[in-house]
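Engineer:
There are 2 protein chains.
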Amino acid sequence: MLYYYSLAFGILALLFSIAAAIITLKKDAGTKQMQELSDAVRSGSSAYLNRQAMTIGAFVVVLSILFYFLQNGSQIIIAFVTGAVTSYLTAYLGMNVAVRANVRTAKAAEKGVGAAFYTAIMGGAVTGFAAIGFGLIGISLLLSYLTISNVAILIGFGFGASLVSLFARVGGGIYTKSADVGADLVGKTELNMPEDDPRNPAVIADNVGDNVGDCAGMAADVYESYVVTLVAALLIAAGIAAAHVQLFTYPLYIAAAGVVGSLASMLFMKTKKRNATGALYKGIGSAIIVSAIIDYAITYLLGFSVDYFVAVLSGLVLAILLFAITDYYTGSGRRQVIKISEAARGGAGTDVIMGLSVGLRTTFFPVIFIVVAILVSYFAAGVYGIGIAAVGMLSLTATILTIDSFGPITDNAGGIAEMAHLPSRVRNVTDALDALGNTTKATTKGFAIGGAALSATALFVAFAQAVHISVLDALNPVVTAGIFIGALLPFIFSSFLMEAVGKTATIMVEEVRRQVRTIKGILTGKAKPDYAKAVDIVTVNALKALVVPEVLAIATPIIVGLVLGKAALGGLLVGMIPTSFVMALFMANGGAAMDNAKKYIETGKFGGKGSDAHKASVVGDTVGDPLKDTAGPALNSMIKVVSTISILLAPVFITYALL
Amino acid sequence: MLYYYSLAFGILALLFSIAAAIITLKKDAGTKQMQELSDAVRSGSSAYLNRQAMTIGAFVVVLSILFYFLQNGSQIIIAFVTGAVTSYLTAYLGMNVAVRANVRTAKAAEKGVGAAFYTAIMGGAVTGFAAIGFGLIGISLLLSYLTISNVAILIGFGFGASLVSLFARVGGGIYTKSADVGADLVGKTELNMPEDDPRNPAVIADNVGDNVGDCAGMAADVYESYVVTLVAALLIAAGIAAAHVQLFTYPLYIAAAGVVGSLASMLFMKTKKRNATGALYKGIGSAIIVSAIIDYAITYLLGFSVDYFVAVLSGLVLAILLFAITDYYTGSGRRQVIKISEAARGGAGTDVIMGLSVGLRTTFFPVIFIVVAILVSYFAAGVYGIGIAAVGMLSLTATILTIDSFGPITDNAGGIAEMAHLPSRVRNVTDALDALGNTTKATTKGFAIGGAALSATALFVAFAQAVHISVLDALNPVVTAGIFIGALLPFIFSSFLMEAVGKTATIMVEEVRRQVRTIKGILTGKAKPDYAKAVDIVTVNALKALVVPEVLAIATPIIVGLVLGKAALGGLLVGMIPTSFVMALFMANGGAAMDNAKKYIETGKFGGKGSDAHKASVVGDTVGDPLKDTAGPALNSMIKVVSTISILLAPVFITYALL
């Protein structure tokens with residue numbers, strides 16, 4: 001049967017995405033110099049994504065050959081490739097609009113905050129709505145060809161999305177932070193240049209990084225969470241003894257309601273005030289309220305159990321709580337952030353110590369929130385409740401992704417305004433939006449991390465069904481072994497990413513120092529730095545560093561499943577999901593807080609810009625960079641890749657495990 | 001029945017400890033100036049431990065009142081108080097000898113490496129053998145009054161030891177690193193003073209910290225692991241359906257064999273070479289080989305199953321593997337350490353990024369090792385096998401603790417030699433031993449962390465028996481909730497410790513700066529700094545910072561057990577143990593590697609002392625300090641406190657849980 005309604009709403013979302021793209025591209029792209037700068041960022045970004053696609057392609061081919069030997073192999077391959085392609089398309093499309101929206105936002109800033117804000121939000125909406133459009137269309141079409149007995153093929157689609165997301169997050173994350181750290185360490189610390197100074201040879205690479213990391217990476221990540229969550233809910237539905245078609249339709253209705261809720265939110269995200277936080281809260285708030293109302297109406301009118309609605313509502317509430325708590329912990333001028341700024345008086349050492357402490361602290365409420373959401377949804381509607389709670393939360397994807405993409409667009413707009421020496425009136429506008437964008441990047445990360453954890457919890461339930469486990473006894477030492485390995489995984493995985501940034505940034509620092517030393521007139525602005533060389537260094541090193549973490553995430557569950565068996569693999573998921581969740585929060589929030597602690601000092605506190613405390617806080621910011629933008633977010637993708645491959649290969653583990 | 005043999009070997013260990021103390025104290029205590037310096041450190045250390053005892057006393061009283069309402073309440077209180085008192089006694093005694101051994105080691109260094117090494121090792125042996133002496137005597141006596149039906153009372157003894165250990169680790173850890181960071185940040189970074197420069201107002205506080213943290217804290221920690229492991233094995237034995245007295249006697253035999261093995265190791269820990277690493281490896285190696293031979297003889301001659309021996313052996317092998325792998329990862333001049341030194345060229349930011357990466361990386365092999373040990377011992381002898389594997393590993397306690405206490409003794413000896421301006425010939429000897437002591441502090445930490453994790457795994461089995469759970473289903477969302485909270489616990493706990501160090505160190509930095517500014521002639525050595533003021537600041541702040549983490553560790557399992565019930569509490573342990581293990585490794589090893597990366601640069605690499613890379617690496621060392629000496633090791637104590645209180649209050653959770 002064809003799932004018309006979800007297909008229809010998927011198409012609706014895609015149409016809106018196209019409309020938003022047209023609206024954005026029609027805006028004035030500014031002066032020739034601005035366009036040149038934008039073009040440099042754009043070509044660097046595209047070059048990177050194209051080369052990254054080659055690496056991913058190789059993985060896709062190898063894995064496809066492997067999957068061929070599974071039952072329903074060719075169908076799984078089709079689903080897998082579709083998942084991978086749509087995921088990359090989302091990332092690619094979103095980024096390509098973002099790199100055009102940035103210069104238009106800078107230009108619009110001449111007219112004031114309202115116009116610039118609107119341009120950036122519209123640019124972001126292209127990604128947001130493309131993600132849910134592709135997701136809903138893909139799943140609706142695939143599901144139409146499947147029956148309850150072979151619905152498991154859907155996991156191939158989820159795995160495809162996960163794989164690409166992992167690449168995009170890891171590669172993009174390494175890229176963006178190597179460039180950023182490299183640019184800052186010499187530019188800010190040694191040469192006292194401001195952010196985005198065109199004399200800094202790493203400045204274009206830094207701006208490219210914002211796009212391939214924050215924009216393409218985040219888009220693929222959240223797209224994946226969206227798809228995988230829907231798949232998990234559908235798999236759980238299929239695994240329930242009394243499975244009937246209603247259990248399949250409900251999650252799709254909720255997703256469709258989310259399309260409407262997200263569209264509604266676009267009406268509220270407008271502002272003329274320089275402090276535009278309120279507009280974003282209004283956007284999320286309206287998306288949640290409208291979605292909840294429609295969700296309730298669907299539940300009530302179509303005769304579903306109200307318990308289902310309770311589960312969905314717990315997911316929706318979780319979304320806003322995670323958004324708000326991240327803001328509370330890491331927002332500029334918050335108590336925890338000021339603690340770090342204070343510690344900066346003692347030097348870089350105490351700044352980082354306090355930053356790590358704050359990062360660790362920020363894990364508390366998110367864990368309590370997710371625990372409550374899991375328990376509420378479970379007691380309302382059993383394990384199916386957990387599945388649809390996740391769907392409820394992720395039904396907000398378009399809005400969250402719109403707000404998130406707003407970040408790199410305004411960040412780049414600020415960069416272009418600075419590099420093109422636009423008048424200070426304009427730069428004040430772009431700076432204000434840039435600061436807001438920094439906050440939204442942090443807060444939407446809270447959503448992405450929570451969404452990944454909740455969706456992985458749902459996948460864990462689906463995994464147990466797939467390997468025919470009805471009880472997973474944590475007292476069994478084989479399971480204990482799996483749990484230990486699962487808790488280990490996020491640490492080892494993060495280690496490789498941190499190392500990649502540390503190494504590449506060091507190379508970058510030496511290149512920047514070299515250019516400053518050898519290219520005469522670079523500091524006076526008379527000679528142009530060799531931007532391309534810097535871009536090239538990061539590109540090559542990011543791609544090189546991609547492979548090991550990828551293989552680690554894919555191979556670990558396969559090895560554990562084959563050697564220690566399905567119970568140990570279940571243990572691995574049990575150990576991995578909570579530990580990764582807490583680690584991701586620690587890293588993302590800790591990094592964001594250290595960033596904002598620096599910004600707080602820059603407002604003139606504790607000696608202000610140029611003081612010793614400020615220098616110390618710049619070191620803290622540098623350490624926080626790969627924590628918040630490389631390792632932290634990449635864990636989201638990692639846990640979903642591990643979970644989906646475990647489900648996908650469940651039949652293999654059942655048959656061939658050693659233990 | 002009286003457990004004569006284990007009692008006898010306990011007394012033997014204690015006698016050796018007394019003999020070692022006499023030998024140490026008879027050594028020449030050096031010049032009047034050296035004794036004055038040693039006295040200052042000693043009085044500061046004693047003052048701190050006395051004040052800390054008051055805080056602990058309050059907790060003991062409150063908890064005793066609570067325990068009175070349990071079944072067998074008064075017996076539990078007796079066991080609890082005995083456990084707490086013997087633990088504090090071990091810490092107190094060990095530290096009091098160490099603060100006298102330090103000056104004697106410095107004096108002995110005049111005669112050469114051999115004499116100094118011997119003095120420091122003998123001083124360390126006092127703590128090492130006192131720990132196993134008190135432990136074996138206490139458990140043997142208590143057990144003699146108990147029967148299989150009420151053997152659970154023993155957990156009171158274990159909890160007493162755990163509670164004190166948590167205080168000693170947390171308080172000592174905060175003390176030592178606040179003083180150290182405070183001393184370094186101004187002394188080394190701002191004023192270019194060497195380590196242990198008497199002009200630095202924080203120098204005495206720094207040396208006190210070595211004693212109350214590394215010496216007393218570590219002694220209480222490992223004493224606790226020793227006691228708790230024996231208790232866990234005995235509880236598991238009691239919980240086995242066909243429990244017979246043989247299952248009780250076996251772990252005590254293994255512990256007794258460990259006394260002999262450790263005594264044997266004392267014969268091998270002698271050297272005249274400046275690089276004395278070999279002597280320490282010989283010590284551990286001989287302890288393991290002798291113990292293993294006696295273990296096998298006992299197993300064979302007394303007719304136990306050889307499978308038991310296999311389990312014990314897996315524990316012994318785990319000990320040497322953890323020791324060696326920590327050396328491999330964090331030892332001076334190792335590949336991972338050099339990676340950090342290299343990154344220091346990029347600045348403090350990249351140094352710390354790489355340091356964190358290395359710390360994360362070092363978790364891999366220890367996890368694999370412990371997983372293999374758990375599986376081997378389980379498949380050899382069931383859950384009882386896990387219990388006796390832990391006993392096997394911890395039977396090496398005396399040797400490990402001797403080697404560990406060697407660290408602060410030589411560290412202080414170096415400090416005294418520096419402050420008393422001893423001739424460079426002498427200082428070369430103390431410096432060499434100091435460097436070795438730094439390595440052993442790191443490697444024995446690997447043992448302590450692994451021992452804590454293995455013993456906690458055994459306690460987890462005992463917990464399940466205590467709450468009458470035969471299956472703990474990780475698919476039950478209530479258990480999942482517990483797992484999430486368990487994974488959260490080490491993060492929140494560490495956050496408070498890092499914060500305490502960050503804050504206190506900042507206060508200390510300002511005090512040192514103030515003294516340098518206001519006390520004239522301090523930098524030329526004409527005026528004496530106000531050491532006491534610095535000592536006082538750290539003492540007050542460390543004691544203040546103690547309470548919250550303590551309450552957190554005690555209250556969390558109680559709240560989860562009462563609100564969510566015993567299954568969720570089981571989940572909490574499942575989530576906490578592996579995550580804490582990996583976190584502790586990350587922190588302890590990451591910190592040690594950053595420390596040694598700095599030392600590597602100081603050997604003249606990458607610009608050597610005073611270069612920019614060196615300054616960057618000092619920041620890395622500062623960040624690593626609280627990771628490796630405060631937060632990391634404290635997690636050992638935390639997981640055991642949480643585990644033992646969960647078992648102790650099991651009857652309450654069975655009867656009164658809400659869910």
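Just so you know, the sequences run in chain order A and B.
Note that the working numbering has the first sequence beginning at 1, numbered continuously upward.
Note that the working numbering has the second sequence beginning at 1, numbered continuously upward.
Ideal placement from N, C-alpha and C gives every residue a C-beta, glycine not left out.
Since the structure is predicted, the reported quantities are computational estimates derived from the model, not experimental observations.
1) Can you list the residues of chain B that A:Tyr-378 reaches, using a CB-CB cut of under 7 Å?
2) Would you kindly work out how many angstroms separate the C-alpha atoms of B:Ala-116 and B:Thr-105, rounded to a whole number?
3) Against chain A, does B:Met-587 count as a neighbour if the rule is that its beta carbon must be under 7 Å from one of theirs?
4) According to DSSP, is B:Asp-473 part of a helix, a strand, or is it coil?
5) Is the CB-CB distance between A:Gly-450 and A:Leu-394 below 7 Å?
6) With a 10 Å radius around its C-beta and 16 neighbouring C-beta atoms as the bar for buried, classify A:Arg-425 as buried or exposed.
7) If the cut-off is 9 Å on Cβ atoms, which residues from the region 478 to 498 of chain B count as contacting chain A, listed in chain order?
8) Express the C-alpha separation of A:Ala-532 and A:Ile-137 in angstroms, rounding to a whole number.
9) Exposed or buried, B:His-614, counting other C-beta atoms within 10 Å across all chains shown (16 or more means buried)?
10) Alpha carbon to alpha carbon, how far is A:Gly-570 from A:Ala-464? Give it in angstroms, no decimals.
11) Helix, strand or coil for A:Arg-100 per DSSP?
12) Tell me, please, whether the CB atom of A:Leu-454 is closer than 7 Å to any CB atom in chain B?
13) Helix, strand or coil, according to DSSP, for B:Asp-434 in the structure here?
14) Using 7 Å as the limit for Cβ to Cβ distance, is A:Ser-341 near chain B?
15) Can you tell me whether A:Leu-163 is buried or exposed? The criterion is at least 16 other CB atoms within 10 Å of its CB, across all chains shown.
16) Residues in the same chain with beta-carbon distance under 6 Å from A:Val-582, minus the five sequence neighbours each way, listed in chain order, please.
17) If contact means a Cβ-Cβ distance below 7 Å, which residues of the region 352 to 368 of chain A contact chain B?
18) Quick check: the Cα distance between A:Asp-606 and A:Val-429, rounded to an integer number of angstroms?
19) Quick check on B:Gly-187 - is its C-beta less than 7 Å from some C-beta in chain A?
20) Counting contacts by CB-CB distance shorter than 7 Å, is A:Ile-374 in contact with chain B?
21) List the endpoints of the continuous alpha helix (DSSP H) containing B:Met-193.
22) Could you check the C-alpha separation between A:Ile-284 and B:Thr-655 for me, to the nearest Å?
23) Sorted by chain position, which residues of the same chain lie with C-beta nearer than 7 Å to B:Val-340's C-beta, five sequence neighbours on each side aside?
24) Beta-carbon of A:Gly-575 versus every beta-carbon of chain B: anything under 7 Å?
25) Using CA coordinates, which residue listed in B:Leu-401, B:Ile-559 and B:Val-170 is at the minimum distance from B:Ile-265?
26) The alpha helix (DSSP H) with B:Asn-200 in it runs from where to where?
27) Look up B:Arg-274 in the DSSP assignment and say whether it is helix, strand or coil.
28) For the region 96 to 111 of chain B against the region 20 to 35 of chain B, are there 3 or more C-beta pairs whose distance is under 8 Å?
29) When burial is assigned at 16 or more other CB atoms within 10 Å of the CB, is A:Gln-52 buried or exposed?
30) Nearer than 6 Å: is that true of the beta carbon of B:Leu-488 relative to any heavy atom of the ligand FAD?
31) If the cut is a Cβ gap below 7 Å, which residues of chain B does A:Gly-346 touch?
32) Whose Cβ in chain B lies nearer than 8 Å to the Cβ of A:Asp-595?
33) Measure the alpha-carbon distance for A:Leu-627 versus B:Gly-590 and round it to whole angstroms.
34) By the criterion of Cβ-Cβ separation under 7 Å, what are the contact partners of A:Leu-472 in chain B?
35) So which residues of chain A does B:Pro-626 contact, with C-beta pairs closer than 9 Å?
Structural biologist: Answer, in terms of the structure:
1) Along the first sequence, read from residue 1 onward, the residue named residue 378 of chain A stands at position 378. Near A:Tyr-378 (Cβ distances below 7 Å), the residues of chain B are Pro-477.
2) Residue 116 of chain B sits at position 116 when you count from the first residue of the second sequence. Residue 105 of chain B sits at position 105 when you count from the first residue of the second sequence. Looking at the two C-alpha atoms, the distance is approximately 5 Å.
3) For the purposes of this step, residue 587 of chain B is taken as residue 587 along the second sequence, with counting starting at 1. False, the Cβ-Cβ gap to chain A never drops below 7 Å.
4) Position 473 of the second sequence, counting from 1, holds the residue named residue 473 of chain B. Strand, per DSSP.
5) Taking the first sequence and counting its residues from 1, the one referred to as residue 450 of chain A is at position 450. Taking the first sequence and counting its residues from 1, the one referred to as residue 394 of chain A is at position 394. It is not a contact, given that the beta carbons lie outside the stated cut-off.
6) Within the first sequence, numbered from 1, the residue matching residue 425 of chain A stands at position 425. Exposed, since its Cβ has fewer than 16 Cβ neighbours within 10 Å.
7) Val-478, Val-479, Thr-480, Ala-481, Gly-482, Ile-483, Phe-484, Ile-485, Gly-486, Ala-487, Leu-488, Pro-490, Phe-491, Ile-492, Phe-493, Ser-494, Ser-495, Phe-496, Leu-497 and Met-498
8) Walking along the first sequence from the start, residue 137 of chain A turns up at place 137. Walking along the first sequence from the start, residue 532 of chain A turns up at place 532. Each residue's alpha carbon lies about 39 Å from the other.
9) Start at 1 with the first residue of the second sequence, and residue 614 of chain B comes out as number 614. Buried is the call here.
10) Reading the first sequence from its first residue, position 464 is the one you call residue 464 of chain A. Reading the first sequence from its first residue, position 570 is the one you call residue 570 of chain A. A:Ala-464 and A:Gly-570 have their alpha carbons spaced roughly 7 Å apart.
11) Counting from 1 along the first sequence, the entry for residue 100 of chain A is found at position 100. Looking at A:Arg-100 - three-state DSSP - the assignment turns out to be helix.
12) Counting from 1 along the first sequence, the entry for residue 454 of chain A is found at position 454. A:Leu-454 does not count as touching chain B.
13) In the second sequence, counting from the first residue as 1, residue 434 of chain B sits at position 434. B:Asp-434: helix per DSSP, three-state reduction.
14) Numbered from 1 along the first sequence, position 341 holds the residue referred to as residue 341 of chain A. Not closer than 7 Å to any Cβ of chain B, the Cβ of A:Ser-341 fails to qualify, so no.
15) Start at 1 with the first residue of the first sequence, and residue 163 of chain A comes out as number 163. Its Cβ being crowded by 16 or more others within 10 Å, A:Leu-163 is buried.
16) Mapped onto the first sequence, residue 582 of chain A falls at position 582. Once the five neighbours on either side are set aside, the close Cβ partners of A:Val-582 are Thr-363.
17) Val-352, Ile-353, Met-354, Leu-356, Ser-357, Leu-360, Arg-361, Thr-363, Phe-364 and Val-367
18) Counted from its first residue, the first sequence places residue 606 of chain A at position 606. Counted from its first residue, the first sequence places residue 429 of chain A at position 429. Inspection of the sequence shows that residue 606 of chain A is occupied by Phe rather than by Asp. Each residue's alpha carbon lies about 26 Å from the other.
19) Locating residue 187 of chain B in the second sequence gives position 187, counting from the first residue. Not closer than 7 Å to any Cβ of chain A, the Cβ of B:Gly-187 fails to qualify, so no.
20) Indexing the first sequence from 1 puts residue 374 of chain A at position 374. Closer than 7 Å: yes.
21) Start at 1 with the first residue of the second sequence, and residue 193 of chain B comes out as number 193. Segment: none, B:Met-193 is in no alpha helix (DSSP H) and carries neither H nor E.
22) Taking the first sequence and counting its residues from 1, one reaches residue 284 of chain A at position 284. Taking the second sequence and counting its residues from 1, one reaches residue 655 of chain B at position 655. Inter-residue distance for A:Ile-284 and B:Thr-655 is about 44 Å (C-alpha atoms, whole angstroms).
23) Position 340 of the second sequence, counted from the first residue, corresponds to residue 340 of chain B. Note on residue identity: the sequence assigns Ile, not Val, to residue 340 of chain B. So the qualifying residues of the chain are Asp-351, Met-354, Gly-355, Val-358, Ala-593, Met-594, Ala-597 and Gly-620.
24) If you number the first sequence from 1, residue 575 of chain A lands on position 575. A:Gly-575 belongs to the set of residues whose beta carbon lies under 7 Å from a beta carbon in chain B.
25) Sequence index remark: in the second sequence, residue 265 of chain B carries index 265 (1-based). The sequence shown places Ser at residue 265 of chain B, not Ile. The option with the nearest alpha carbon to B:Ser-265 is B:Leu-401.
26) Sequence index remark: in the second sequence, residue 200 of chain B carries index 200 (1-based). Element bounds for B:Asn-200: n/a, residue is neither H nor E.
27) The residue you call residue 274 of chain B lines up with position 274 of the second sequence. Coil at B:Arg-274, not helix or strand.
28) yes
29) Here residue 52 of chain A refers to the residue found at position 52 when the first sequence is read from its first residue. With 16 or more other Cβ atoms within 10 Å, it is buried.
30) Among the components modelled here there is no ligand, and therefore nothing to report on the ligand FAD.
31) Against the first sequence, residue 346 of chain A aligns to sequence position 346. Simply Leu-185, Ala-505, Thr-506 and Val-509.
32) Here residue 595 of chain A is taken as the residue at index 595 of the first sequence, counted from 1. Simply none; closest approach about 13 Å.
33) Residue mapping note: residue 627 of chain A aligns to position 627 of the first sequence, counting from 1. Residue mapping note: residue 590 of chain B aligns to position 590 of the second sequence, counting from 1. Each residue's alpha carbon lies about 15 Å from the other.
34) The residue given as residue 472 of chain A occupies position 472 in the first sequence. What A:Leu-472 touches in chain B: Asp-473, Ala-474 and Leu-475.
35) Position 626 of the second sequence, counted from the first residue, corresponds to residue 626 of chain B. In chain order: Ile-353, Leu-356 and Ser-357.
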